[in-house]
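What the sequence shown shows, in the working numbering, is residues 1161 to 2085, in sequence order. Below is one structure; the comments refer to it alone.
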Amino acid sequence: MRVGRGGLSPVMVGRDTELRRLAALAAGPDPQVALVAGEAGIGKSRLVQELTAGVPAETRVLVTQADPGALGRPFGLLLDAVDGLAVGRGGQPEWLAAVDRAALDVVADPAHSSVERLRAATDIVAALATAPAVVVFEDLHWADPESTAVFERIPDLPGRRLLVGTYRPDEVTRRSPVADLLTRLERRHTVTHLRLERFSLTDTSVLLEAVSGRPPSYRAAASLHNRTGGSPYFLEELLRAGGDGGVDLEQLCDQPLPWNLAEALRRQLDDVDPRQQRVVEAAAVLGHRIPFDVLAAVTQLPEADLIEVLRDLVRRGLMVETGDDEFGFRHALAREAVAEQLLGRERRRLHELALEALLAAGDADPALVARHAHGAGRYDDLVRAAREGSARYLAIGAAHQALALAEMGLEEAPEDLELRSRAARAAWLANLLPDAGQHARRWARDATAAQDRSAALRLLVRLAWENERREEMQVLIDEIRDIIGQLPPGAEQAEAVATVAQSYMLTERLEEAITWADRTIALADELGLPHVRLAGAVEKGSALLNVPGGVNEGRKLLLEVIEDAETAGEWLVAARGLHNLINNGPPFPPTEGHELLERMRADAERAGFEALAVAAYFEGRARFAVEDGDLRAAVEALEEGHRRERGYVRAGRRANFHGVFLAGLALEAGELDRVDAILPTLTEPGGKPSLAVLGLTFHLACRRGDVPAAEAALDDLYAGIDRIGPPYGEQVHDVVAAGLAAGLAGDRLRPLAERASWSTAVDGWEALVFAQLDEADGRSVEAIEGYEAATGSAELRAPVRASAHTGAARCLVHLGQTDRARDHVRAADALLARWAGWRVAEVDTLRGRVGLAATAAEGAGETVLTPREREVAALIAEGLTNAELARRLYISKKTAAVHVSNILAKLGLSSRTQVAGWLAKGRRG
C-alpha cells in the first residue's frame, strides 16, 4: 500500500489545473482513465493525495504503490492493497467482507493459471472499489506485469470509477510491462494524460510563503529556485535541511546551498547519532520495504534500541512505516542519495550481512538473495539464486521476473545452459521475441549434448512460426529431423518428433503431419509419455480435418483426445484441440457449437492461454454469428473481443486473424473506410503481408472501383501465392466476386481457382467459385449447375449460400426462366435477413426482374444501413454531436461526419433530428 509522502507545504502548489481535471473525471458518469507522468520528486503522489482527500464521502478510494529495486511478486500491488486493508491502512477493513475469499486464494495460488488469477483479481477490485470509486496505482514503472494487467482491466468494470496511474517516463523501457500497457490503453480507452513539469519561479515563491508563513523576497525566491531547478522535492528537502526551528529564508540563502538533491538529503544526516546512521545506511542498501527482523540482523542492534531509532527517524521524516513491521525511506530519491555516499566496501559489507540474514532465515525470495549476493560479490550464491528463482518464477507464470533473474545470473555465468534456456523461454513467454531469439540461438550454439540442442531448436521453430519466417522454420525442422536419431530414448526425443508433426500441420504439409503424428503417438506409447501422445493426437486429428476423406476420422479423434486431455488436466492440449475442431472442420449445429466454444474458453483459462481464452473465443462467437447470417452480431462479437483483449495481437505474431476477420466483415458491410484503417495494422513494419492481407487489399480496391489499383493488387496476390502457398476456398470466392464486380475479366481471375487448395470435405467452395467464373464466361447452364450445388452445401455459411442463390437467379433470368429465378431470390432474401452490404445489394437488383416488389422504405433503411451506420444512427438519435460521436466510437471527426452524411442520404432524410423519428418508427413496425 502507498504510504504518505506529504510535503512541508500545507497546501499543494502549482497543480491546480491538473487537480481540477482529475476531480472532474472522478465526478463523471462513466469509467475514466488518467495517467500522471513526471520525473521523480515532481509531485505525483502529492497530487494523488489532494485528489483522494477531496472526493465525496461516498466515493471509495483504493491506493496502492509498486516497489522499486525488486522484481516484485505477481499481482503484488493488489495483494499489498488487501494486506493494507486488513491492518486498517488505505481504506476500511470492513471492505474486505465483500471480497470472495476463494478469489483471494486463486490470486495467491500459482497453481491456478494466469488467466484464472487475473479474472479473480479483477473481481476483487470490483468488490473493494465499488462505484463510485477512485483507484490509484502509483509508480507503474516498477509494477509487475500481472499488476499492470489488473490495471488495464479496471476500466472495463461497470460503474463510475476513476483509474489513476502514475509513472516516471524515464524509467519506462521496452521491457517494462507498463510500456505495452500504455499502448494498449490508448487503443481501448480514452485516456487523459497529465504531465507534471517543474515549478516556475512563481510556484517556488508560493511554496516558500506557504512553508515560512510570509512572502519571500525576490532574492530568496530566485536563489532557491535557481539552485533547485524548480524541483519540488529538492526544494522541500533543502528547506527541511534548515532544521526544526522554523525556516529563515534570508539566512538560508546566506549559507552555502547544496548543489544537488543528494547533497541536500545528506545534510539532514549531519546530526544523527551513530546508531541512527547505521540504520539509515543499512536501509539504503536493503531496499524499499525492509522487514524489521532483517534490519535488526544487519544493524546488529537490540530490538529495543532499533525501535527507538526507527521511531526517531520516522519523526524526522527520513523514514516511514511501509507496512506491518516493515520500514523504508520516505522517498526513493532519499534512499538513492544515502546509498551513493557509501564506500564500496561499506556497501559490500551491508549486502553480505543482508545475504547472511536471508540465507539463515530460509526460503527467502531468490530475487532478494540474488540482489544481495551480487552486491556482496558472492557470485556463486548469485548464480544459485538465479537458477532457483528463474525456475520458481517460470513455474508460476511470472515470465518478466524469471527473465530478469536468469539474465542476472548469466552476467556471471554466460556459459550456463540452464540459465540460458530459462532466459529464452521467459523472454518468449513475456513476448520479448527478439530477446528470446537471441537467447535461444546462443543456447543452441553453446549446447554440446544433443538433448540441449534439440530443446533449443524446438523453441527456435516456435519463434520462426510466430515471426512468419517459414523458410527459416523449414531449415530448423530439418535440423530437428537430423538430430532425432542422436537423441537417446526419452522425453526430449518424443517432444522433438511432436514438434516436427506440429510444424508440418501448421505449414499445411498435411500428409507429412499425419505421418509424424503417428510416429509421435507410437513413441509416446513406447516410452510411457501420455502428455506427448495427446499432443501428437491433436496434430493428427487437426491434419485429418483438412485432407480429402479424413474429416470424420479427424473429428472423432479430436473429440476423443479432448476428453482424454481434460481428464488428465492437460488443458492447453484440450483447448487447442477444441479450437481446431471448431475452426477447421465442418460447422456444428448451433447449440453443440456454442457448447464446444464455451468448453474451449474454460480449458484455455485453466491453461493460462489467453489467446484462446479471449481472442479465439470471441472470434468463435463471430464465426457462429456469420454461419447464422447475423452480420451485426458477428461484428459485435469481434469488437467485444477487441475490448477485452490484453494485446493478443502481439508484436511479431502471425497475421492478426482478429483484424483480418473484422476487415472482412467490414468489406461485407461496405464500410470501406474502416477497412482502410485496419489494413495498415495487419503487417509488421518492414514485414511482408500475409495472403489474407493481400486478398483484402485487392478486395478493397475492387469495391472502391479503382481498377488500376485492383490490377496491381492482383499481381501482388499472385506473387504472394508463389511465396506463401495456395489460397483457401473462402478467400478465392471473395476475391473472385470482388474482381468480377469491378469489371475484371474472368481469365484474369481463373488462375486463382486453379491454384487454390480445395478439399472434397468442403466442395461447396469449389462449385461456387467455378460457377462464378462460368457465369463471367457466359456459360450460364454450367454456372447454374455449380451455383445450385453450392446452395445445398452445408459447409457454406448462410450469406455465402445466399450469394449462390443470387448467382443462380441471375443465370436463370438470362435464360428466361423467371419462375425458378424468383425462388432463388426468395431463398437469398431469407438467408440475408440479418445481413447487409454487397450481397444484399445484388439481391435487390434482381427483385424487379423476377416480379418481386422492392423492399418497403421503412425496412429498406435497416437493410441499406451497415451495422456501423446503425450504431451511429442510434447515437445521433441520442443527440450526440460529431465530436461526441468521434470520441464515443474512437474515430475522427471527419469520419463521423461522413457516417452522418451517408445515413441521411440512404434514409432520404434532411436533418439529424429526423433520425430519431425514423428509428422509433422502425421499432414500432
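Where is the CB? At the ideal position from N, CA and C, for every residue including glycine.
The DSSP assignment places 1731 to 1744 as complete runs of the alpha helix (DSSP H) inside the segment 1726 to 1760, in order along the chain (cut-off: 4 residues). Taken in chain order, the whole beta strand (DSSP E) runs of length 3 or more contained in the segment 2035 to 2073 number zero. With respect to Arg1630, Thr1667 sits close: the two C-beta atoms are nearer than 8 Å.
For the 8 Å CB-CB criterion, Ala1291 and Gly1325 do not form a contact. Distance check between His1739 and each of Ala1499, Val1774, Pro1887 places Val1774 closest, using alpha-carbon atoms only.
Contact between Phe1778 and Leu1798 holds, since their C-beta atoms are separated by about 6 Å, short of 8 Å. Ala1573 is positioned such that its CB atom lies closer than 8 Å to that of Leu1579. Nearest C-alpha to Leu1854 among Leu1842, Met1568, Gly1865, Leu1689: Leu1842. Boundaries cannot be given for Gln1646, as no beta strand (DSSP E) includes it and DSSP labels it neither H nor E.
Contact between the segment 1343 to 1363 and the segment 1215 to 1234 is not established, with fewer than three Cβ pairs separated by less than 8 Å. In terms of Cβ geometry, Leu1593 and Ala1583 do not form a close pair [threshold 8 Å]. Within 10 angstroms of the beta-carbon of Ser2071 lie fewer than 16 other beta-carbons, which makes it exposed. DSSP places Glu1481 in the strand class (E or B) of the three-state scheme.
Taking all protein chains shown into account, Tyr1947 has 16 or more neighbouring C-beta atoms within 10 Å of its C-beta and is therefore buried.
For Glu1298, the secondary structure class from DSSP, reduced to helix, strand or coil, is strand.
Distance between Ala1728 and Leu1455, taken at the CA atoms: about 47 Å.
Apart from sequence neighbours up to five positions away, the residues of its chain that approach Ala2056 with a beta-carbon distance below 6 Å are Asn2042, Leu2045, Ala2046, ordered along the chain. Secondary structure of Phe1359 (DSSP, three-state): coil. Between the segment 1899 to 1914 and the segment 1690 to 1702 there are fewer than three C-beta pairs closer than 8 Å, too few to call the two in contact.
Spatial neighbours of Gln1891 in its own chain (CB-CB distance under 6 Å, excluding positions within 5 residues in sequence) are listed in chain order as Gly1855.
Apart from the 5 residues on each side of it in sequence, Ala1280 sits with its Cβ closer than 6 Å to the Cβ of Ala1263, Val1266, Val1267 in its chain, given in chain order. Within the same chain, Arg1358 come within 7 Å of Gly1389 by CB-CB distance, once the 5 residues on both sides are set aside. Our two residues, Gly1214 and Val1294, have alpha carbons roughly 11 Å apart in a direct line.
Per DSSP, reduced to three states, the secondary structure at Phe1821 is helical. Following the DSSP letters along the chain, one finds Arg1321 inside the beta strand (DSSP E) bounded by residues 1321 to 1327. Taking C-beta atoms under 8 Å as the contact rule, Gln1611 and Glu1652 qualify, at a distance of about 5 Å.
Taking the C-beta atoms as reference points, Val1835 is found no nearer than 8 Å to Ala1852. When beta bridges are read from the DSSP output, Arg1220 appears opposite Ala1293. Taking 8 Å as the upper bound for CB-CB distance, Val1721 and Gly1753 are not in contact here, some 19 Å apart. Between the beta-carbon of Tyr1393 and that of Ala1197 there is about 16 Å, and that puts the pair past the 8 Å contact cut. Uninterrupted alpha helix (DSSP H) stretches at least 4 residues long and entirely within the segment 1452 to 1480 occur at 1452 to 1459, 1463 to 1475, given in chain order. Our two residues, Leu1515 and His1448, have alpha carbons roughly 16 Å apart in a direct line. With distances taken between CA atoms, Ile1556 lies nearest to Arg1233 out of Arg1233, Val1867, Glu1500. Secondary structure note for Leu1195: its beta strand (DSSP E) is the uninterrupted segment 1192 to 1197. DSSP lists Phe1487 as the bridge partner or partners of Ile1450. Of the candidates Ala1457, Gln1501, Ile1467, the residue whose Cα lies closest to the Cα of Leu1518 is Ala1457.
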